[in-house]
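Enquirer: Residue numbers (our numbering), protein chains in the order written: chain S, 1 to 65; chain Y, 66 to 1010. Ideal Cβ placement from N, Cα and C applies to all residues, glycine included.
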Amino acid sequence: MSEASVKRMANQIAANLKNRSDASEAISSHLKSFWTPQMLSELKGLTEASPQDFDELIVEIAASL
Amino acid sequence: MSLLKETDFGTPESKSTQSVTLTIDGQAITVPAGTSVMRAAKMLETSIPKLCATDSLNSFGSCRLCVVEIDGRKGTPASCTTPVEDGMVVRTQTQKVEKIRKNVMELYISDHPLDCLTCPANGDCELQDMAGVVGLREVRYGYEGKNHLSAPTDFSNPYFNFDESKCIVCSRCVRACEEVQGTFALTIEGRGFNSKVSPGGTDFLSSECVSCGACVQACPTATLEEKSVVDLGMPNRTVLTTCAYCGVGCSFKAELRGDELVRMVPYKDGGANEGHSCVKGRFAWGYASHPDRVLTPKIRKSIDEPWQDVSWEEAINYAAGKLKEIQAKFGHQSIGGITSSRCTNEEVYVVQKMVRAAFGNNNVDTCARVCHSPTGYGLKQTFGTSAGTQDFKSVEKSDVILLIGANPTDAHPVFASRMKKRLRQGAKIIVADPRKIDLVKSAHVEASHHLPLLPGTNVAMINALAHTVATENLIDWDFVNERCDLTAFKKWEAFIKQPENSPEVVETITGVPAEEIRAAARLYATAKNAAIYYGLGVTEHSQGSTMVMGIANLAMATGNIGREGVGVNPLRGQNNVQGSCDMGSFPHEFSGYRHVSDDVVREQFEALWGATLQKDPGMRIPNMLDAAIVGEFKAMFIQGEDIAQSDPNTKHVKAALGSMELVIVQDLFINETAKFAHVFLPGTSFLEKDGTFTNAERRINRVRPVMASKTGKQEWEVVAELSKALGYEMHYQNSAEIMDEIAQITPTFAGVSFAHLDKVGSVQWPCNEANPNGTPIMHVDQFVRGKGQFMETHYVPSEERTTRKFPLLLTTGRILSQYNVGAQTRRTKNSTWASEDLLQIHPSDAELRGISDGEWIKLASRVGETTLRATLTSDVPPGVVYTTFHFPVSGANVITTDFSDWATNCPEYKVTAVEVMPSLAGPEGANKLAHSDAKDKERQFAKNV
């Protein structure tokens, strides 16, 4: 996957779920349900390398993946 | 089977629960109150002669052929217009009525051509039959008097003729157009002897006729006759099958003469359509025999090389060898497949099985990704299953219909006719759509509220409707307390009541006046039965899934779930969208919507299939395309799908396809995608397939082979052979065995088999032991997930915004005569009505840009540009433009972006920021611009922006 796609998809998920009262759980569950292991791995790598490009919740969740 | 003729009871069935007992020709019968004498007689297998009556139409009483005598009554009443009464004694055959009938027939025949032996309807003419039934032996009036025998024939419609000289003015065609289709294109013109059927004073092609065929079907003579019958002769056998166009899934009688298909006639006992059809299903089936069909497998090493015809064995071995080679070099995840919603459940099932078991990964996705994947996500979250809640018939009980982002009169015409019928009976409709679609205002239809929201603001709108319900005490508390998860409801209630969701705030987002939103919400919430129907105008947005959940919230909050007349109803785009999703085509789910990570489920599949399966989700279509561009994904099997034309951001799709080492296309034609393919495996049309389709109401219908496969194989056989060549063998003797396996492993399909479907006609899943024929209405006593789950639906604006450079919003859709990328309909005479994509633009936007009606324009977005003609219309609001994507020459998806739904990656087709400007000429191969000053206009426009 391209970095741009991973970034855009992750941040879009965060934007749509972060106002929910169960935001962290909802985002984490969504990623695990629909993303391939390689996409999750890429997300983890990208959030570590450039956390400023991601929503804070994504950075937090990616760290625990 | 021989030619199937459904019983015609003359008048419609009465829905009354009260019974009436009468005697007809000495036989007693008990029937529902309101039944006509004609129908009651037919129930006793007594046929009363008739011409103007048929049971798809209300009784009319004009031909006077069906007269009977009733004890105690004066005269000879028409049996079609006379309702039964308790104790009534009817005599259908007396000297008196026989004399009247013979007289009536004499009058008819005195003004009818006597060319029965050469008439195309010879043997299928009710007038001819009735002449025999009444014993007509002479016509005392002669044939020399005033008559219509030299009246002209209208040949203008590409599919049927109107031979006025044969018309008996029974009005069945006029009434069919009104009562069945709801178009009101036909009328009786003139008075007395000059009365004649007319398509509004013009010819059929120029009229408002939508060519649904209802008039042709209703005609008792050869006046309205299919051209194919005129050319080929009367059919002599029938194969019952299912249409392969939209998600309505109409049942058809394929009528053949020997092995040649003569016509497709809608089947009266088909649950989805009950005898009605549209121009596509009824007439646009000629593509199956089009010379463009590719019937021989082809391979090539590079897409720059010409195709080489090869044997099936060579093509399959070549494909398998390359797939193995690619996986050995780039890893197991480097290949994947796409299933098609145009294929049968059985064909789809074997493709996803091949990917999971033979490819050894879960990289399988379906074209539903780009249409209704948000429906699957949203309804599973809220209700517990990924499907609409009602059967189509349910709309007959709706009092208010909320139609969102759907244009059924064009995209789901047969269901639209049902809907319009209900509206004519007094139901109200609210239309939420940027465009003034036909259901906003057309013949005998006027929406109570039109909410012309700005594209991309659906979620704000649904929240405002729900806010009104929540703050104006319109919640159905009994339903919520009994049926829904109260913890989730309370969170939702607190969210939805926030001022940001009020119509007054939302007005600034959607552009729809707050009071209109409030009035619409009140109308929906206070109806006895309110139903929501929606289409791709809901799903194909960056918040498509959120919107589906918002719709489900609104329905639950108002208690509009779990009975006839209500519900949440996705109108599926293609014939088997529901089925392709049901069959486990998504990369995270096995058949029956069970996640691949569920160990119990996965082990069941592993045991049945004898293969080790992956527990992690695979890649979706856009993921695969993205991965191809960065060099991680190398091969794709594409079943019956033209992603190079149908998927968004064509440039991106073509770059991805072009970067793969192997593209295998299984299709009817060398389509746009096949231009990037290395292996072409010829597919079968629906007329050759043997299997099932599942329509938008979860109805599993049989698709029976009308003709032998033109390629010599069924598509599932080819897939099974490829799978075997890859090292994983499937052991099916026929497609019935595939369905048996689906039923064995998929709880909602329990007991479904070809034999059962052949016996009962169709079933609507979920099926189980208690309901072997299925479940027309879902969530009756409880939701599939137990308690209904309210979800917070925060509005997040699309990232796609208008700018100074791209100040207009483009939204896309389809039209009645064409279908999706047009692969089928473009190869039929449907192109008579539409042979190019047009851009609808509001006159004020056009004037600002110096664009005239019919002029070539350039349509540009940040990802690409194309050229097409403009059509000026106030059906689109200022600031919004609209086009279709039926023709590759205009390629509307060159314009659309790769923004997509946050949850499912369903593309945001409905929102693209664009600019429109005059163009010097059309796309390559199109006609040159008619306006000589276009070049100046283009220069002037360029200066202005």
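What does a CB cutoff of less than 6 Å around Y/V784 pick up in its chain, not counting 5 residues either side in sequence?
Expert: V415, V416 and M419
Enquirer: Would you say S/F66 reaches chain Y, if we count a Cβ-Cβ gap shorter than 9 Å as a contact?
Expert: Not covered by the structure: residue 66 of chain S. The range shown for chain S is 1 to 65.
Enquirer: With 9 Å set as the bound, which would you pick, yes or no: does the beta-carbon of S/T47 sit closer than that to a beta-carbon of chain Y?
Expert: no
Enquirer: If you compare alpha carbons, which of Y/L182, Y/H606, Y/G748 and Y/T969 is closest to Y/N736?
Expert: Y/G748
Enquirer: Since Y/V695 meets chain S, which of its residues come closer than 8 Å, beta carbon to beta carbon?
Expert: M1 and S2
Enquirer: Quick one: list the residues of chain S neighbouring Y/Q608, beta-carbon separation under 8 Å, in chain order.
Expert: N16
Enquirer: Grouping DSSP H, G and I as helix and E and B as strand, with all else coil, what is Y/Q847?
Expert: coil
Enquirer: Just confirm the distance between the C-beta atoms of Y/D541 and Y/A617, as a whole number of angstroms; I'd bet it's less than 8 Å.
Expert: Actually they do not touch by this definition, with Cβ atoms about 14 Å apart.
Enquirer: When Cβ atoms are compared, which residues of the stretch 448-468 of chain Y fall closer than 7 Å to chain S?
Expert: none
Enquirer: Please list the partners that S/I13 has in chain Y, where partner means a Cβ-to-Cβ separation under 8 Å.
Expert: Within chain Y, the residues near S/I13 are W967 and A968.
Enquirer: Only counting runs of 3 or more residues, tell me where the beta strand (DSSP E) segments fall wholly within the stretch 568-635 of chain Y, in order along the chain.
Expert: Whole beta strand (DSSP E) segments, 3+ residues: 595-599 and 633-635.
Enquirer: When Cβ atoms are compared, which residues of the stretch 833-846 of chain Y fall closer than 7 Å to chain S?
Expert: none
Enquirer: Please state whether the Cβ-Cβ distance between Y/N895 and Y/K345 is less than 9 Å.
Expert: yes
Enquirer: Which residue wins for smallest C-alpha separation from Y/N538, given the options Y/P564, Y/R587 and Y/S507?
Expert: Per the Cα distances, Y/R587.
Enquirer: Taking Y/G386 as the reference, which of Y/D755, Y/E605 and Y/K789 has the closest Cα?
Expert: If we check each option's Cα against that of Y/G386, Y/K789 comes out closest.
Enquirer: The beta strand (DSSP E) spanning Y/Q704 covers which residue range?
Expert: A700 to Q704
Enquirer: Who are the Cβ neighbours of Y/R407 in its own chain at under 7 Å, not counting the five residues just before and after it?
Expert: A309, Q639, N640, N641 and G705
Enquirer: Taking the alpha-carbon positions, what's the Y/F1006 to Y/G576 distance?
Expert: Low per-residue confidence applies at Y/F1006: pLDDT is 49, beneath 50, and the placement is therefore not dependable, though the value from the model is reported in the following sentence. The alpha-carbon atoms of Y/F1006 and Y/G576 are separated by roughly 28 Å.
Enquirer: Using the C-alpha atoms, what's the distance from Y/R358 back to S/A10?
Expert: 43 Å
Enquirer: Short check: CB of Y/F225 to CB of Y/K292, under 9 Å?
Expert: yes
Enquirer: Along chain S, which residues have their Cβ under 8 Å away from the Cβ of Y/P682?
Expert: Under the 8 Å cutoff, chain S gives S33, F34, W35 and T36.
Enquirer: Of all the CB atoms in chain S, is at least one closer than 9 Å to the CB of Y/P652?
Expert: yes
Enquirer: Beta-carbon within less than 6 Å of Y/Q64's beta-carbon, same chain only, minus the 5 sequence neighbours each way: which residues are those?
Expert: Outside the modelled stretch of chain Y, which goes from 66 to 1010, sits residue 64 of chain Y, for which no answer is possible.
Enquirer: I need the boundaries of the alpha helix (DSSP H) containing Y/R302, first residue and last residue.
Expert: No alpha helix (DSSP H) contains Y/R302, which is instead part of the beta strand (DSSP E) from R302 to T307.
Enquirer: Let me confirm a value: Y/A384 is counted as buried when at least 16 other C-beta atoms fall within 10 Å, else exposed. Which label applies?
Expert: buried
Enquirer: Within 10 angstroms of the Cβ of Y/I253, are there 16 or more other Cβ atoms? Answer buried if so, exposed if not.
Expert: exposed
Enquirer: Given this structure, state the Cα-to-Cα distance separating Y/I729 from Y/G929, to the nearest angstrom.
Expert: 27 Å
Enquirer: Would you mind telling me which residues of chain S sit closer than 8 Å to Y/T611, beta carbon to beta carbon, in chain order?
Expert: N16
Enquirer: Take Y/R763 as the anchor and find which of Y/G675, Y/N634 and Y/I686 has the nearest alpha-carbon.
Expert: Y/N634
Enquirer: I want to see whether chain S comes within less than 9 Å of Y/Q398, judged by CB atoms only; does it?
Expert: At a cut-off of 9 Å between beta-carbon atoms, Y/Q398 makes contact with chain S.
Enquirer: Within 8 Å, do at least three Cβ pairs link the stretch 239-258 of chain Y to the stretch 268-278 of chain Y?
Expert: yes
Enquirer: Identify which residue in Y/T267, Y/V262 and Y/C238 has its Cα closest to the Cα of Y/S221.
Expert: Y/T267
Enquirer: Locate the alpha helix (DSSP H) running through Y/G723, then write down its first and last residues.
Expert: T715 to G723
Enquirer: Suppose you measure from the CA of Y/T897 to the CA of Y/P223; what does that come to, to the nearest Å?
Expert: 8 Å
Enquirer: Measuring only between beta-carbons, confirm whether S/S28 sits less than 9 Å from chain Y.
Expert: At a cut-off of 9 Å, the C-beta of S/S28 has no neighbouring C-beta in chain Y.
Enquirer: Within 9 Å (strictly less), CB to CB, does S/S5 reach chain Y?
Expert: Taking a beta-carbon distance threshold of 9 Å, S/S5 counts as an interface residue toward chain Y.
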